[in-house]
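Taking our numbering, the leading residue of the sequence shown gets 1, the next gets one more, and so forth.
By construction, the Cβ of each residue, glycine as well, lies at the ideal position given by its N, Cα and C atoms.
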Amino acid sequence: MSKRQQPESGSEHPLEEKPVGAVKRTKAAGSKASRVFTEYPAEQKQFFSTHLLAWYLIHRRDLPWRRSRNPYHIWISEVMLQQTRVDTVIPYFHKFTELFPTVEALATAPEDEVLKAWEGLGYYSRARNLQQAVREVHEQYGGTVPDSKEEFSSLRGVGPYTSGAVLSIAYNKPEPAVDGNVMRVLSRYFLIEDDIAKPAARIGMEKLARDLIPEGAAGDFNQALMELGAMVCTPRSPQCLTCPVMDQCAGRLAGREETLPVKTKAKPPMPERRLVALIEGEGENAGRILIRQRPQEGLLARMWELPHVVLGPSAGGPDAPMAAVSPGTAEPGADEAAAQSAAGDAGTVLAAPGDPGDAAAGGIAPASAARRGRRGAAGSADSPAWGGDARNMALLQSALADEEHVDVLPQEWIADTNHTFSHLYWDMKVYRCRLGGSAGAPAGQLPYRYRWMAPEEMERYAFPNVFLRVLKMYEEEHGPSRP
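Take a look at the structure:
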(Lines of atoms letter the chains of each structure in order from A; the text may use other names.)
(Lines give C-alpha, C1' and ligand atoms only; values in the text may rest on other atoms or scores of the structure.)
Protein backbone atom coordinates (compact mmCIF):
# COMPACT_ATOMS: atom_id res chain seq x y z
CA MET A 1 0.00 0.00 0.00
CA SER A 2 1.30 3.46 -0.80
CA LYS A 3 2.28 5.40 2.27
CA ARG A 4 1.42 8.80 0.88
CA GLN A 5 -2.23 7.89 0.47
CA GLN A 6 -4.88 9.39 2.70
CA PRO A 7 -7.75 7.44 4.28
CA GLU A 8 -10.00 6.12 1.59
CA SER A 9 -13.63 7.26 1.49
CA GLY A 10 -16.57 7.74 -0.82
CA SER A 11 -18.59 5.40 -2.98
CA GLU A 12 -18.85 5.04 -6.72
CA HIS A 13 -21.86 5.50 -9.01
CA PRO A 14 -22.40 4.30 -12.59
CA LEU A 15 -21.62 6.80 -15.34
CA GLU A 16 -22.31 7.21 -19.02
CA GLU A 17 -18.95 6.51 -20.62
CA LYS A 18 -17.31 7.30 -23.93
CA PRO A 19 -14.69 4.78 -25.12
CA VAL A 20 -11.10 5.80 -25.70
CA GLY A 21 -8.89 4.52 -28.50
CA ALA A 22 -7.14 1.21 -27.99
CA VAL A 23 -3.69 1.14 -26.50
CA LYS A 24 -0.96 -0.74 -28.32
CA ARG A 25 2.16 -2.18 -26.72
CA THR A 26 5.11 -3.91 -28.28
CA LYS A 27 7.73 -6.17 -26.76
CA ALA A 28 11.19 -4.75 -26.41
CA ALA A 29 13.72 -6.25 -28.77
CA GLY A 30 15.71 -9.11 -27.29
CA SER A 31 13.42 -9.58 -24.29
CA LYS A 32 10.39 -11.80 -23.83
CA ALA A 33 9.37 -10.29 -20.51
CA SER A 34 10.23 -6.62 -21.00
CA ARG A 35 7.70 -4.33 -22.60
CA VAL A 36 7.73 -0.72 -23.70
CA PHE A 37 4.64 1.43 -23.76
CA THR A 38 4.01 2.99 -27.16
CA GLU A 39 1.38 4.56 -29.38
CA TYR A 40 -0.91 5.94 -26.72
CA PRO A 41 -3.32 8.37 -28.40
CA ALA A 42 -1.90 11.90 -28.41
CA GLU A 43 -5.32 13.24 -27.40
CA GLN A 44 -5.38 10.97 -24.35
CA LYS A 45 -1.90 12.05 -23.26
CA GLN A 46 -2.58 15.75 -23.82
CA PHE A 47 -5.86 15.51 -21.93
CA PHE A 48 -4.11 13.86 -18.99
CA SER A 49 -1.31 16.41 -18.69
CA THR A 50 -3.50 19.48 -19.13
CA HIS A 51 -6.35 18.50 -16.83
CA LEU A 52 -4.13 17.00 -14.13
CA LEU A 53 -1.95 20.11 -13.88
CA ALA A 54 -4.97 22.43 -13.77
CA TRP A 55 -6.53 20.33 -11.01
CA TYR A 56 -3.34 20.31 -8.95
CA LEU A 57 -2.89 24.08 -9.05
CA ILE A 58 -6.32 24.42 -7.43
CA HIS A 59 -6.44 21.44 -5.07
CA ARG A 60 -2.84 20.84 -3.95
CA ARG A 61 -2.25 20.46 -0.24
CA ASP A 62 -0.28 23.05 1.69
CA LEU A 63 2.70 20.97 2.78
CA PRO A 64 5.79 22.51 4.44
CA TRP A 65 8.25 21.29 1.81
CA ARG A 66 6.13 22.88 -0.94
CA ARG A 67 6.55 26.37 0.45
CA SER A 68 9.96 26.89 -1.11
CA ARG A 69 12.21 25.53 -3.84
CA ASN A 70 15.02 24.80 -1.39
CA PRO A 71 16.57 21.66 -2.93
CA TYR A 72 18.05 20.52 0.38
CA HIS A 73 14.68 20.66 2.16
CA ILE A 74 12.90 19.03 -0.78
CA TRP A 75 15.49 16.26 -0.73
CA ILE A 76 14.91 15.66 2.99
CA SER A 77 11.16 15.49 2.46
CA GLU A 78 11.42 13.01 -0.40
CA VAL A 79 13.66 10.69 1.60
CA MET A 80 11.33 10.87 4.60
CA LEU A 81 8.25 10.22 2.47
CA GLN A 82 9.60 6.92 1.22
CA GLN A 83 7.48 4.26 2.92
CA THR A 84 5.96 6.81 5.34
CA ARG A 85 2.67 8.70 5.45
CA VAL A 86 2.55 12.44 4.88
CA ASP A 87 0.91 13.20 8.23
CA THR A 88 3.64 11.21 9.99
CA VAL A 89 6.43 12.99 8.12
CA ILE A 90 5.31 16.59 8.74
CA PRO A 91 6.45 16.90 12.39
CA TYR A 92 9.66 15.01 11.64
CA PHE A 93 10.38 17.34 8.72
CA HIS A 94 9.91 20.41 10.92
CA LYS A 95 12.12 18.99 13.66
CA PHE A 96 14.82 17.77 11.29
CA THR A 97 15.10 21.03 9.35
CA GLU A 98 15.19 22.99 12.60
CA LEU A 99 18.05 20.86 13.92
CA PHE A 100 19.87 20.68 10.58
CA PRO A 101 18.71 23.72 8.57
CA THR A 102 21.56 23.65 6.06
CA VAL A 103 23.71 21.20 4.15
CA GLU A 104 26.64 22.11 6.37
CA ALA A 105 24.65 21.52 9.57
CA LEU A 106 23.69 17.98 8.57
CA ALA A 107 27.06 17.18 7.04
CA THR A 108 28.93 18.05 10.24
CA ALA A 109 26.42 16.65 12.76
CA PRO A 110 27.27 13.53 14.82
CA GLU A 111 25.49 10.47 13.47
CA ASP A 112 23.92 9.77 16.88
CA GLU A 113 22.13 13.13 16.75
CA VAL A 114 20.87 12.44 13.23
CA LEU A 115 19.55 9.01 14.17
CA LYS A 116 17.87 10.42 17.27
CA ALA A 117 16.10 13.05 15.15
CA TRP A 118 15.02 10.25 12.80
CA GLU A 119 13.86 7.99 15.64
CA GLY A 120 10.42 6.59 14.89
CA LEU A 121 10.52 7.04 11.11
CA GLY A 122 12.30 3.73 10.62
CA TYR A 123 14.44 2.49 7.73
CA TYR A 124 17.33 4.18 9.45
CA SER A 125 19.67 3.58 6.54
CA ARG A 126 17.70 6.38 4.87
CA ALA A 127 19.07 8.78 7.47
CA ARG A 128 22.60 7.40 7.20
CA ASN A 129 22.59 7.51 3.41
CA LEU A 130 21.13 11.02 3.43
CA GLN A 131 23.80 12.29 5.78
CA GLN A 132 26.56 10.63 3.77
CA ALA A 133 25.21 12.11 0.53
CA VAL A 134 24.91 15.55 2.13
CA ARG A 135 28.54 15.26 3.24
CA GLU A 136 29.47 14.60 -0.38
CA VAL A 137 27.55 17.73 -1.41
CA HIS A 138 29.29 19.72 1.32
CA GLU A 139 32.75 18.50 0.35
CA GLN A 140 32.49 18.21 -3.43
CA TYR A 141 29.93 20.86 -4.43
CA GLY A 142 30.48 23.61 -1.89
CA GLY A 143 27.22 22.89 -0.10
CA THR A 144 25.03 23.40 -3.17
CA VAL A 145 22.81 20.48 -4.17
CA PRO A 146 23.80 19.76 -7.80
CA ASP A 147 21.18 20.32 -10.49
CA SER A 148 22.78 17.82 -12.85
CA LYS A 149 21.16 14.39 -13.05
CA GLU A 150 24.54 12.72 -13.45
CA GLU A 151 26.02 14.45 -10.41
CA PHE A 152 22.98 14.19 -8.15
CA SER A 153 22.35 10.54 -9.03
CA SER A 154 25.93 9.68 -8.11
CA LEU A 155 25.33 10.60 -4.46
CA ARG A 156 24.89 7.92 -1.79
CA GLY A 157 21.36 6.49 -1.72
CA VAL A 158 20.04 8.59 -4.61
CA GLY A 159 18.21 6.51 -7.20
CA PRO A 160 15.90 7.33 -10.12
CA TYR A 161 12.90 8.37 -8.02
CA THR A 162 14.74 10.67 -5.61
CA SER A 163 16.76 12.15 -8.46
CA GLY A 164 13.68 12.85 -10.57
CA ALA A 165 11.67 14.27 -7.68
CA VAL A 166 14.34 16.65 -6.38
CA LEU A 167 15.57 17.84 -9.78
CA SER A 168 12.06 18.46 -11.09
CA ILE A 169 10.60 20.08 -7.98
CA ALA A 170 13.63 22.15 -6.95
CA TYR A 171 15.09 22.96 -10.36
CA ASN A 172 12.13 22.31 -12.70
CA LYS A 173 14.19 19.82 -14.69
CA PRO A 174 12.02 17.64 -16.99
CA GLU A 175 12.81 14.42 -15.14
CA PRO A 176 10.16 11.80 -14.26
CA ALA A 177 9.61 10.77 -10.63
CA VAL A 178 7.89 7.39 -10.70
CA ASP A 179 6.83 5.92 -7.37
CA GLY A 180 4.02 3.60 -6.31
CA ASN A 181 1.38 6.31 -6.58
CA VAL A 182 2.49 7.24 -10.07
CA MET A 183 2.62 3.65 -11.31
CA ARG A 184 -0.90 3.09 -10.02
CA VAL A 185 -2.22 6.22 -11.76
CA LEU A 186 -0.53 5.43 -15.06
CA SER A 187 -1.56 1.77 -14.95
CA ARG A 188 -5.20 2.74 -14.58
CA TYR A 189 -5.32 5.70 -16.92
CA PHE A 190 -3.52 3.96 -19.78
CA LEU A 191 -4.80 0.44 -18.94
CA ILE A 192 -1.29 -0.93 -18.45
CA GLU A 193 -1.39 -4.57 -17.36
CA ASP A 194 2.33 -5.10 -16.84
CA ASP A 195 3.44 -6.18 -13.36
CA ILE A 196 4.67 -3.01 -11.66
CA ALA A 197 6.92 -5.09 -9.41
CA LYS A 198 9.07 -5.85 -12.47
CA PRO A 199 11.92 -3.48 -13.40
CA ALA A 200 10.83 -3.45 -17.05
CA ALA A 201 7.46 -1.99 -16.11
CA ARG A 202 9.07 0.78 -14.09
CA ILE A 203 11.42 1.64 -16.95
CA GLY A 204 8.51 1.79 -19.36
CA MET A 205 6.50 4.01 -17.04
CA GLU A 206 9.45 6.34 -16.54
CA LYS A 207 9.61 6.80 -20.32
CA LEU A 208 5.88 7.41 -20.47
CA ALA A 209 5.94 9.84 -17.54
CA ARG A 210 8.76 11.81 -19.15
CA ASP A 211 6.69 12.11 -22.32
CA LEU A 212 3.75 13.50 -20.32
CA ILE A 213 5.64 16.35 -18.59
CA PRO A 214 4.34 19.73 -19.85
CA GLU A 215 7.02 22.15 -20.95
CA GLY A 216 8.18 24.36 -18.10
CA ALA A 217 6.03 22.64 -15.46
CA ALA A 218 8.00 19.54 -14.48
CA GLY A 219 7.91 20.10 -10.72
CA ASP A 220 4.21 20.86 -10.49
CA PHE A 221 3.33 18.02 -12.85
CA ASN A 222 5.29 15.40 -10.92
CA GLN A 223 3.73 16.57 -7.67
CA ALA A 224 0.32 16.51 -9.34
CA LEU A 225 0.82 12.86 -10.28
CA MET A 226 1.79 12.01 -6.70
CA GLU A 227 -1.13 14.03 -5.33
CA LEU A 228 -3.65 12.32 -7.56
CA GLY A 229 -2.45 8.91 -6.42
CA ALA A 230 -2.52 9.94 -2.77
CA MET A 231 -5.86 11.72 -2.69
CA VAL A 232 -8.03 10.35 -5.50
CA CYS A 233 -6.61 7.35 -7.35
CA THR A 234 -6.10 5.38 -4.13
CA PRO A 235 -5.25 1.66 -3.99
CA ARG A 236 -8.76 0.73 -2.92
CA SER A 237 -12.05 2.49 -3.63
CA PRO A 238 -10.61 5.10 -6.02
CA GLN A 239 -12.70 8.26 -6.05
CA CYS A 240 -13.26 8.30 -9.79
CA LEU A 241 -16.10 10.84 -9.68
CA THR A 242 -13.71 13.51 -8.38
CA CYS A 243 -10.84 12.60 -10.71
CA PRO A 244 -9.86 15.35 -13.17
CA VAL A 245 -8.93 12.84 -15.89
CA MET A 246 -11.73 10.28 -15.49
CA ASP A 247 -13.26 11.01 -18.91
CA GLN A 248 -10.24 9.56 -20.70
CA CYS A 249 -9.20 6.94 -18.10
CA ALA A 250 -8.96 3.69 -20.06
CA GLY A 251 -8.88 1.59 -16.90
CA ARG A 252 -12.10 3.12 -15.58
CA LEU A 253 -13.85 2.84 -18.92
CA ALA A 254 -12.91 -0.83 -19.03
CA GLY A 255 -14.11 -1.38 -15.46
CA ARG A 256 -10.57 -2.21 -14.31
CA GLU A 257 -9.91 0.61 -11.85
CA GLU A 258 -10.24 -1.76 -8.88
CA THR A 259 -7.97 -4.47 -10.31
CA LEU A 260 -5.11 -2.30 -11.57
CA PRO A 261 -2.21 -2.06 -11.17
CA VAL A 262 -0.99 -5.62 -11.54
CA LYS A 263 1.55 -6.34 -8.82
CA THR A 264 3.19 -9.57 -7.69
CA LYS A 265 2.67 -10.18 -4.00
CA ALA A 266 5.75 -9.62 -1.89
CA LYS A 267 7.31 -12.54 -0.05
CA PRO A 268 5.99 -12.61 3.54
CA PRO A 269 8.46 -11.64 6.27
CA MET A 270 10.31 -14.47 7.99
CA PRO A 271 9.08 -14.97 11.59
CA GLU A 272 11.55 -14.91 14.47
CA ARG A 273 11.04 -15.42 18.20
CA ARG A 274 13.09 -13.26 20.55
CA LEU A 275 13.46 -13.13 24.32
CA VAL A 276 14.17 -9.64 25.66
CA ALA A 277 15.88 -8.76 28.94
CA LEU A 278 14.76 -5.54 30.60
CA ILE A 279 17.55 -5.41 33.18
CA GLU A 280 16.96 -3.16 36.19
CA GLY A 281 19.91 -1.62 37.96
CA GLU A 282 20.53 -1.89 41.69
CA GLY A 283 22.70 -0.02 44.18
CA GLU A 284 24.47 2.85 42.46
CA ASN A 285 22.59 1.98 39.25
CA ALA A 286 19.16 1.88 40.86
CA GLY A 287 16.52 3.33 38.55
CA ARG A 288 18.62 2.65 35.46
CA ILE A 289 18.10 0.17 32.62
CA LEU A 290 20.88 -1.77 30.90
CA ILE A 291 21.02 -1.15 27.16
CA ARG A 292 23.38 -2.18 24.39
CA GLN A 293 24.39 -0.81 21.01
CA ARG A 294 23.87 -2.84 17.86
CA PRO A 295 26.82 -3.68 15.57
CA GLN A 296 28.36 -1.17 13.18
CA GLU A 297 26.79 -2.82 10.13
CA GLY A 298 23.52 -4.54 9.34
CA LEU A 299 19.93 -4.12 10.43
CA LEU A 300 19.42 -1.08 12.70
CA ALA A 301 23.18 -0.54 12.73
CA ARG A 302 24.60 1.37 15.70
CA MET A 303 21.19 1.97 17.27
CA TRP A 304 20.46 1.15 20.91
CA GLU A 305 18.26 -1.66 22.19
CA LEU A 306 17.43 -3.91 25.12
CA PRO A 307 19.59 -7.05 25.27
CA HIS A 308 17.78 -10.00 23.71
CA VAL A 309 18.33 -13.40 22.12
CA VAL A 310 16.95 -15.07 19.00
CA LEU A 311 15.32 -18.46 19.36
CA GLY A 312 15.30 -21.30 16.87
CA PRO A 313 13.26 -24.52 16.68
CA SER A 314 14.85 -27.71 17.97
CA ALA A 315 15.14 -30.86 15.89
CA GLY A 316 11.66 -31.81 17.06
CA GLY A 317 10.02 -29.41 14.61
CA PRO A 318 8.31 -26.01 14.82
CA ASP A 319 6.13 -26.97 17.78
CA ALA A 320 8.98 -28.44 19.81
CA PRO A 321 10.76 -26.52 22.61
CA MET A 322 12.84 -23.61 21.38
CA ALA A 323 16.59 -23.21 21.68
CA ALA A 324 18.60 -20.01 21.81
CA VAL A 325 20.68 -19.60 18.66
CA SER A 326 22.18 -16.10 18.90
CA PRO A 327 22.36 -13.04 21.15
CA GLY A 328 20.15 -11.08 18.76
CA THR A 329 22.77 -8.76 17.28
CA ALA A 330 24.58 -10.78 14.61
CA GLU A 331 21.99 -11.55 11.95
CA PRO A 332 23.56 -12.91 8.77
CA GLY A 333 21.89 -11.56 5.67
CA ALA A 334 19.53 -9.34 7.63
CA ASP A 335 21.15 -6.05 6.81
CA GLU A 336 19.05 -2.98 6.27
CA ALA A 337 19.80 -2.95 2.57
CA ALA A 338 17.91 -6.22 2.39
CA ALA A 339 15.15 -4.74 4.49
CA GLN A 340 14.77 -2.01 1.93
CA SER A 341 15.20 -4.15 -1.15
CA ALA A 342 11.52 -3.87 -1.97
CA ALA A 343 11.66 -0.13 -1.45
CA GLY A 344 15.07 0.75 -2.79
CA ASP A 345 14.69 4.25 -4.15
CA ALA A 346 11.10 3.64 -5.20
CA GLY A 347 9.79 6.67 -3.39
CA THR A 348 6.31 5.82 -2.21
CA VAL A 349 6.26 2.05 -2.37
CA LEU A 350 3.13 -0.07 -2.28
CA ALA A 351 4.18 -2.04 0.79
CA ALA A 352 2.75 -0.99 4.13
CA PRO A 353 5.40 -0.42 6.77
CA GLY A 354 4.76 2.11 9.48
CA ASP A 355 8.11 1.94 11.18
CA PRO A 356 10.00 1.04 8.16
CA GLY A 357 13.34 -0.56 8.41
CA ASP A 358 11.60 -0.93 11.21
CA ALA A 359 8.55 -1.46 9.04
CA ALA A 360 5.04 -1.92 10.39
CA ALA A 361 4.59 -0.99 14.01
CA GLY A 362 3.53 -3.84 16.23
CA GLY A 363 1.46 -4.01 19.37
CA ILE A 364 2.43 -4.55 22.98
CA ALA A 365 0.60 -6.68 25.53
CA PRO A 366 1.78 -6.05 29.11
CA ALA A 367 1.30 -8.52 31.92
CA SER A 368 -1.72 -8.08 34.16
CA ALA A 369 -1.49 -6.11 37.38
CA ALA A 370 -1.88 -9.34 39.35
CA ARG A 371 1.01 -10.92 37.48
CA ARG A 372 3.24 -7.89 37.99
CA GLY A 373 2.67 -8.18 41.71
CA ARG A 374 4.03 -11.74 41.81
CA ARG A 375 7.70 -11.60 40.98
CA GLY A 376 9.19 -14.82 39.73
CA ALA A 377 5.83 -16.50 39.18
CA ALA A 378 7.10 -18.87 36.51
CA GLY A 379 4.41 -20.53 34.46
CA SER A 380 1.68 -18.10 35.50
CA ALA A 381 -1.56 -18.66 33.64
CA ASP A 382 -1.56 -15.17 32.11
CA SER A 383 1.85 -15.63 30.48
CA PRO A 384 1.44 -16.69 26.84
CA ALA A 385 4.93 -18.24 26.89
CA TRP A 386 6.07 -20.39 23.97
CA GLY A 387 7.79 -22.97 26.15
CA GLY A 388 6.78 -21.71 29.57
CA ASP A 389 8.42 -19.03 31.69
CA ALA A 390 10.97 -21.37 33.24
CA ARG A 391 12.25 -22.56 29.86
CA ASN A 392 12.29 -19.07 28.35
CA MET A 393 14.10 -17.56 31.31
CA ALA A 394 16.70 -20.33 31.26
CA LEU A 395 17.35 -19.78 27.54
CA LEU A 396 17.60 -16.02 27.99
CA GLN A 397 20.03 -16.39 30.88
CA SER A 398 22.27 -18.97 29.22
CA ALA A 399 22.46 -17.26 25.82
CA LEU A 400 23.41 -13.86 27.22
CA ALA A 401 26.00 -15.46 29.52
CA ASP A 402 27.55 -17.65 26.82
CA GLU A 403 27.54 -15.20 23.92
CA GLU A 404 27.66 -11.76 25.54
CA HIS A 405 29.27 -12.58 28.92
CA VAL A 406 26.38 -10.86 30.67
CA ASP A 407 25.00 -12.73 33.66
CA VAL A 408 21.31 -11.92 34.04
CA LEU A 409 18.81 -13.26 36.55
CA PRO A 410 15.36 -13.26 34.89
CA GLN A 411 12.57 -12.48 37.38
CA GLU A 412 9.28 -12.47 35.50
CA TRP A 413 7.60 -12.00 32.16
CA ILE A 414 6.23 -8.46 31.83
CA ALA A 415 5.02 -8.05 28.24
CA ASP A 416 4.67 -9.44 24.74
CA THR A 417 5.32 -7.31 21.70
CA ASN A 418 5.95 -7.75 17.99
CA HIS A 419 7.36 -5.84 15.08
CA THR A 420 7.26 -6.31 11.32
CA PHE A 421 10.17 -5.36 9.10
CA SER A 422 9.83 -5.74 5.34
CA HIS A 423 11.69 -9.06 5.51
CA LEU A 424 11.42 -10.11 9.18
CA TYR A 425 8.70 -10.49 11.79
CA TRP A 426 9.88 -10.27 15.40
CA ASP A 427 7.66 -12.00 17.97
CA MET A 428 9.04 -10.94 21.34
CA LYS A 429 8.61 -11.72 25.02
CA VAL A 430 10.03 -9.26 27.54
CA TYR A 431 11.35 -10.38 30.92
CA ARG A 432 12.26 -8.18 33.87
CA CYS A 433 15.76 -9.13 34.99
CA ARG A 434 18.47 -8.28 37.49
CA LEU A 435 22.16 -8.27 36.67
CA GLY A 436 23.96 -11.10 38.42
CA GLY A 437 27.62 -11.61 39.15
CA SER A 438 29.80 -14.56 38.28
CA ALA A 439 33.35 -15.40 37.31
CA GLY A 440 32.37 -14.94 33.67
CA ALA A 441 30.47 -11.70 34.11
CA PRO A 442 31.24 -9.66 37.24
CA ALA A 443 28.35 -7.39 38.19
CA GLY A 444 30.53 -4.30 38.18
CA GLN A 445 31.95 -4.86 34.71
CA LEU A 446 30.00 -4.48 31.50
CA PRO A 447 31.00 -5.76 28.07
CA TYR A 448 31.77 -3.39 25.25
CA ARG A 449 28.58 -1.83 23.80
CA TYR A 450 26.65 -2.15 27.09
CA ARG A 451 25.84 0.75 29.39
CA TRP A 452 23.40 1.83 32.07
CA MET A 453 20.78 4.39 31.02
CA ALA A 454 18.96 6.69 33.43
CA PRO A 455 15.44 7.88 32.50
CA GLU A 456 16.62 11.43 31.82
CA GLU A 457 19.30 10.09 29.45
CA MET A 458 16.86 8.35 27.12
CA GLU A 459 16.77 11.36 24.79
CA ARG A 460 20.47 10.84 24.07
CA TYR A 461 20.04 7.41 22.53
CA ALA A 462 18.33 6.42 19.28
CA PHE A 463 16.10 3.36 19.75
CA PRO A 464 14.11 1.44 17.12
CA ASN A 465 10.37 1.76 17.67
CA VAL A 466 9.99 -1.79 18.92
CA PHE A 467 12.19 -1.05 21.94
CA LEU A 468 10.81 2.45 22.42
CA ARG A 469 7.39 0.93 22.96
CA VAL A 470 8.72 -1.39 25.66
CA LEU A 471 10.61 1.40 27.43
CA LYS A 472 7.62 3.74 27.35
CA MET A 473 5.32 1.00 28.67
CA TYR A 474 7.78 0.35 31.48
CA GLU A 475 8.03 4.05 32.30
CA GLU A 476 4.25 4.36 32.46
CA GLU A 477 4.06 1.38 34.79
CA HIS A 478 6.80 2.55 37.16
CA GLY A 479 6.46 6.32 37.06
CA PRO A 480 8.94 9.07 36.18
CA SER A 481 11.47 8.02 38.81
CA ARG A 482 12.38 4.90 36.81
CA PRO A 483 12.90 4.38 33.03
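Asked: Beta-carbon proximity check, Trp-55 vs Pro-235, cutoff 8 Å; Found: no
Asked: Spatial distance of Met-183 from Ile-291 (CA atoms); Found: 43 Å
Asked: Distance between Ser-153 and Asp-87 (C-alpha atoms, nearest Å); Found: 28 Å
Asked: Alpha-carbon spacing of Tyr-171 relative to Lys-429, whole angstroms; Found: 50 Å
Asked: Buried/exposed call for Gly-283, threshold 16 Cβ in 10 Å; Found: exposed
Asked: Identified DSSP bridge partners for Cys-433; Found: Ile-279, Pro-410
Asked: Of the listed residues Ala-133, Ser-77, Arg-274, nearest to Leu-424 (C-alpha basis); Found: Arg-274
Asked: Top-ranked residue by Cα proximity to Gln-140, from Val-103, Arg-61, Ser-163; Found: Val-103
Asked: C-beta contact flag for Val-466 and Trp-426 at 8 Å; Found: yes
Asked: Contact between the region 402-416 and the region 245-252 (3+ Cβ pairs under 8 Å); Found: no
Asked: Same chain, Cβ closer than 7 Å to Val-23, neighbours up to 5 away in sequence not counted; Found: Because Val-23 carries a pLDDT of 41, less than 50, the predicted location of this residue cannot be relied on, and no value is offered for it.
Asked: Residue closest to Tyr-450, alpha-carbon to alpha-carbon, out of His-405, Glu-459, Ala-254, Glu-119; Found: His-405
Asked: Residue closest to Ile-169, alpha-carbon to alpha-carbon, out of Asn-181, Asp-194, Leu-225, Gly-142; Found: Leu-225
Asked: For Glu-272, three-class secondary structure by DSSP; Found: strand
Asked: Bounding residues of the alpha helix (DSSP H) (the contiguous stretch that carries Gln-131); Found: 125-140
Asked: Contact set for His-73: own chain, Cβ-Cβ below 7 Å, skip 5 residues either direction; Found: Trp-65, Thr-97
Asked: Backbone CA spacing between Leu-468 and Ala-117 [nearest angstrom]; Found: 14 Å
Asked: CA nearest to the CA of Pro-71, picked from Ser-237, Arg-252, Gly-219, Gln-397; Found: Gly-219
Asked: DSSP three-state assignment for Trp-304, whether helix, strand or coil; Found: strand
Asked: Through-space distance from His-94 to Ser-77, alpha-carbon basis; Found: 10 Å
Asked: CB of Ala-177 within 8 Å of CB of Val-158, strictly; Found: no
Asked: Trp-75, enclosing alpha helix (DSSP H) - first and last residue; Found: 71-81
Asked: Local conformation of Val-309 per DSSP, three classes; Found: strand
Asked: CB-CB length for Pro-455 against Gly-287, believed under 8 Å; Found: 7 Å
Asked: Met-453 - containing beta strand (DSSP E), residue span; Found: 450-453
Asked: Span separating the alpha-carbon of Ala-462 from that of His-419; Found: 17 Å
Asked: Cβ-Cβ distance between Trp-452 and Asn-285 below 8 Å; Found: yes
Asked: CB-CB length for Arg-85 against Asn-129, believed under 8 Å; Found: Not really, about 21 Å apart at Cβ, beyond 8 Å.
Asked: Within 8 Å, strictly: CB atoms of Arg-188 and Arg-252; Found: yes
Asked: Backbone CA spacing between Val-310 and Lys-472 [nearest angstrom]; Found: 23 Å
Asked: Assigned exposure category for Ile-196 - 16 Cβ within 10 Å defines buried; Found: buried
Asked: Nonlocal neighbours in the same chain, by C-beta distance under 6 Å from Glu-193, ignoring five residues either side; Found: Val-262
Asked: Residues bridged to Tyr-425 [DSSP beta-bridge criterion]; Found: Pro-271, Thr-420
Asked: Beta-carbon proximity check, Leu-300 vs Tyr-92, cutoff 8 Å; Found: no
Asked: Contained beta strand (DSSP E) runs [length at least 3] in the region 135-178, N- to C-terminal order; Found: none
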